[in-house]
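Asker: Let me give you the structure first, and then I'll get to my questions.
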Amino acid sequence: MTACTRRHVLGLLVAGLAAPVWRSSSAASAERVLAVGPGALRLLAYLEATERLVGLEDMERRPLSTSSYRYALPPGLADLPSIGPGGPGRLPDLEQLLALRPNLVATVTLDGQQLQALRERAGLRVLPLSYGDTGLLRIDDLLTSLRALAAALGREARAEQLAGFLTANLAELRERLADATPAAAYLGGVSLQGAHGLTSTQSGHLPLVWAGADNLADRAGPTGHFFIDREQLLLWDPPTLFIDGGGLAGVLTEYAENPGFYQRLQAVREGRVYLTLPFNAYNTNVENALANAWMMARVLHPAALADLDVPTRAGAIMRTFLGADVMPALARNGQGLGRLDLETGQWTPLS
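The sequence shown maps to residues -27 to -1, 1 to 324 in mature numbering (1 follows the signal peptide of the UniProt record, and there is no 0).
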């Protein structure tokens, strides 16, 4: 989502242009719901409201791997009728949509014209939502959208539970790292509209901010996703290297094809390479972002977080956001939080 589109979507929420959600009936009537676009279903899952879905994008039927929320979805969702392929900025099949008689359509990444088409051409009640700019989580935007969706569903208490949990975790991280000096680190393998290798990174990456890191990517340009030149990465020579789980397969392939390049990095030679949970997978995995921050902080500031048990904290985060600890299921699919051996592709959980 561009900054312009993001401002438009949030403007709709603030100005009440999505007002049919509240004007035409009570929140309790939003019982037939559709989730359209990257991350719409995830927000429904956070609010424990997936039982209200009456259709599903094909994108949400993909094999499990990098989207934590999908491990906690009821198995029957896969049997719901299709509303089209899904994807960023793509309208669903309007004929299929209308046949399902939804009384609320929650959308992410649709632009103003597309939203208007759903309202005027199809006569649907539409609620536009946002995580922030594309692939770059913004907490204020997320919480605004989560609360708006909760109001439409009568799930306000659940939204406040999540907001309180998230803000309490971030406050605890700030307090525990208040005296810590930012530690240099590089994050590679960041996914955005597909998986990428080591040079795919992000400046302004929130988990690194929360973890008290000196994100080397912040030195290279404006906030957001980009590909760094390999020679620049060698010049930086990060003492700690994090690999996003969404790009793990690509990084391992790169290492197998050119181990010499990786061995020029001190983090690789000294065994300071760590696997993080996928940040982006059909928009941002918020629970993964928070779990990653705790793990990164434990790695970068061991004295300040000596008592932190990473698996226990990550499990609590998953249970709060998703209603279940999905970390074991993620591990069975090669995802997790721990020290990564690029030679074998195996990772060891942090204690």
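Glycine included, each C-beta is placed from N, C-alpha and C at the ideal position. Fair warning: this is a prediction, and the values are worked out from it, not measured in the lab.
Spell out a yes or no on whether the stretch 11 to 28 and the stretch 216 to 230 are touching, meaning 3 or more CB-CB pairs, one atom from each, closer than 8 angstroms.
Answerer: The stretch 11 to 28 is not in contact with the stretch 216 to 230.
Asker: Report the rounded CA-to-CA distance for A90 versus G10, giving the unit in angstroms.
Answerer: By one-based count along the sequence shown, residue 90 stands at place 117. By one-based count along the sequence shown, residue 10 stands at place 37. Each residue's Cα considered, the two are about 15 angstroms apart.
Asker: Near A168, what residues of its chain come up, given a Cβ to Cβ distance below 6 angstroms and the 5 sequence neighbours on each side ignored?
Answerer: By one-based count along the sequence shown, residue 168 stands at place 195. Closer than 6 angstroms at the Cβ level, and outside the excluded window around A168, lie G219, G220, G223.
Asker: Which residues share a DSSP beta bridge with P322?
Answerer: Along the sequence shown, one-based indexing puts residue 322 at 349. Paired residue(s): G311.
Asker: By the 10 Å Cβ neighbour count, where 16 or more other Cβ atoms means buried, how is S324 classified, buried or exposed?
Answerer: What you label residue 324 is simply residue 351 of the sequence shown in a count that begins at 1. With fewer than 16 other Cβ atoms within 10 Å, it is exposed.
Asker: Quick check for students: name the residue ranges of the alpha helix (DSSP H) that lie wholly in the stretch 167 to 241, counting only runs of 4 or more.
Answerer: Complete alpha helix (DSSP H) runs here, min 4: 179 to 183, 203 to 209, 221 to 230, 232 to 236.
Asker: Does DSSP classify N142 as helix, strand or coil?
Answerer: Working through the sequence shown from its first residue, we reach residue 142 at position 169. Residue state, collapsed to three classes: helix.
Asker: I need the DSSP call for S164, collapsed to helix, strand or coil.
Answerer: Mapped onto the sequence shown, residue 164 falls at position 191. Note: S164 maps to coil in three-state DSSP.
Asker: Shortest alpha-carbon distance to V99 belongs to which of G288, A297, R5?
Answerer: For the purposes of this step, residue 99 is taken as the residue at position 126 of the sequence shown. Checking every option, the nearest Cα to that of V99 belongs to R5.
Asker: Can you tell me where the beta strand (DSSP E) with V9 in it begins and where it stops?
Answerer: If you number the sequence shown from 1, residue 9 lands on position 36. Here the beta strand (DSSP E) through V9 covers 6 to 9.
Asker: Using the Cα positions of S(-2) and R34, report the straight-line distance between them to the nearest angstrom.
Answerer: Mapped onto the sequence shown, residue -2 falls at position 26. Mapped onto the sequence shown, residue 34 falls at position 61. Any reading at S(-2) is ruled out, since the residue's pLDDT is 44, under 50, leaving its predicted position unreliable.
Asker: Return yes when the Cβ of P155 is within less than 8 angstroms of the Cβ of G185, no when it is not.
Answerer: As a first step, residue 185 is located in the sequence shown; it is residue number 212 there, counting from the start. As a first step, residue 155 is located in the sequence shown; it is residue number 182 there, counting from the start. Cβ atoms of G185 and P155: closer than 8 angstroms.
Asker: Starting from A254, follow its DSSP beta bridges and name the residues at the other end.
Answerer: For this step, residue 254 is matched to residue 281 along the sequence shown. In the DSSP output, where bridge partners are listed per residue, A254 has none listed.
Asker: What does the alpha-carbon distance come out to for the pair A72 and R25?
Answerer: For the purposes of this step, residue 72 is taken as the residue at position 99 of the sequence shown. For the purposes of this step, residue 25 is taken as the residue at position 52 of the sequence shown. Each residue's Cα considered, the two are about 16 angstroms apart.
Asker: Leaving out the 5 sequence neighbours to the left and right, which residues in its chain are closer than 6 angstroms to D314 when beta-carbon positions are compared?
Answerer: Locating residue 314 in the sequence shown gives position 341, counting from the first residue. Closer than 6 angstroms at Cβ, skipping near neighbours: no residue.
Asker: Going by the CB atoms, is the gap between L115 and V259 shorter than 8 angstroms?
Answerer: Within the sequence shown, numbered from 1, the residue matching residue 259 stands at position 286. Within the sequence shown, numbered from 1, the residue matching residue 115 stands at position 142. It is a contact, given that the beta carbons lie within the stated cut-off.
Asker: Could you give the first and the last residue of the continuous alpha helix (DSSP H) run that contains V272?
Answerer: Residue mapping note: residue 272 aligns to position 299 of the sequence shown, counting from 1. Its alpha helix (DSSP H) spans residues 259 to 273.
Asker: Closest to L109 by C-alpha separation, out of F294, G12, W209, would be which residue?
Answerer: In the sequence shown, residue 109 corresponds to position 136, counting from 1. Of F294, G12, W209, the residue nearest in Cα terms is G12.
Asker: Below 7 angstroms CB to CB, which residues in the same chain sit around N256 once its five sequence neighbours on both sides are set aside?
Answerer: Here residue 256 corresponds to residue number 283 of the sequence shown, with the count starting at 1. P11, G12, R15, V81, Y104.
Asker: Would you list the residues sitting across from V81 in a DSSP beta bridge?
Answerer: By one-based count along the sequence shown, residue 81 stands at place 108. According to DSSP, which records beta bridges pairwise, V81 is partnered with L102.
Asker: Just the Cα atoms here: how many angstroms apart are N306 and R94?
Answerer: Working through the sequence shown from its first residue, we reach residue 306 at position 333. Working through the sequence shown from its first residue, we reach residue 94 at position 121. Rounded to whole angstroms, N306 to R94 spans 42 angstroms at the Cα level.
Asker: Apply the 10 Å Cβ neighbour rule to T174 and answer buried if 16 or more other Cβ atoms are within range, or exposed otherwise.
Answerer: Reading the sequence shown from its first residue, position 201 is the one you call residue 174. T174 comes out buried.
Asker: I'd like to confirm the pairing. Which residues does DSSP put opposite V246 in its beta bridges?
Answerer: The residue given as residue 246 occupies position 273 in the sequence shown. BP columns for V246 point to L214.
Asker: Mark T39 as exposed unless 16 or more other C-beta atoms lie within 10 angstroms of its C-beta, in which case mark it buried.
Answerer: One-based indexing of the sequence shown puts residue 39 at position 66. With 16 or more Cβ atoms within 10 Å of its Cβ, T39 is classed as buried.
Asker: Skipping 5 residues on each side, what residues in its chain have a beta carbon closer than 8 angstroms to that of G296?
Answerer: Position 323 of the sequence shown holds residue 296. Result list for G296: E21, A45, in chain order.
Asker: Between which two residues does the alpha helix (DSSP H) carrying A124 extend?
Answerer: Residue mapping note: residue 124 aligns to position 151 of the sequence shown, counting from 1. Residues 112 to 126.
Asker: Would you call Q319 buried or exposed, if buried means 16 or more other Cβ atoms sit within 10 Å of its Cβ?
Answerer: The count along the sequence shown starts at 1 and reaches residue 319 at position 346. Exposed: under 16 other Cβ atoms inside 10 Å.
Asker: With a 10 Å radius around its C-beta and 16 neighbouring C-beta atoms as the bar for buried, classify R203 as buried or exposed.
Answerer: Counted from its first residue, the sequence shown places residue 203 at position 230. The residue in question, R203, is exposed, as its Cβ has fewer than 16 Cβ neighbours within 10 Å.
Asker: On a CA-only basis, which of G127, L281, L77, L53 is nearest P146? Give me that one, please.
Answerer: In the sequence shown, counting from the first residue as 1, residue 146 sits at position 173. The question names Pro, yet the displayed sequence has Leu at residue 146. That would be L281, whose Cα lies nearest to the Cα of L146.
Asker: Quick check on this structure: which residue in T107, A136, Q134, T321 has the alpha carbon closest to the alpha carbon of M268?
Answerer: Within the sequence shown, numbered from 1, the residue matching residue 268 stands at position 295. The option with the nearest alpha carbon to M268 is T321.
Asker: Pull up the distance between the alpha-carbon of V246 and that of A289, whole angstroms please.
Answerer: Within the sequence shown, numbered from 1, the residue matching residue 246 stands at position 273. Within the sequence shown, numbered from 1, the residue matching residue 289 stands at position 316. So the alpha carbons of these two residues sit roughly 24 angstroms apart.
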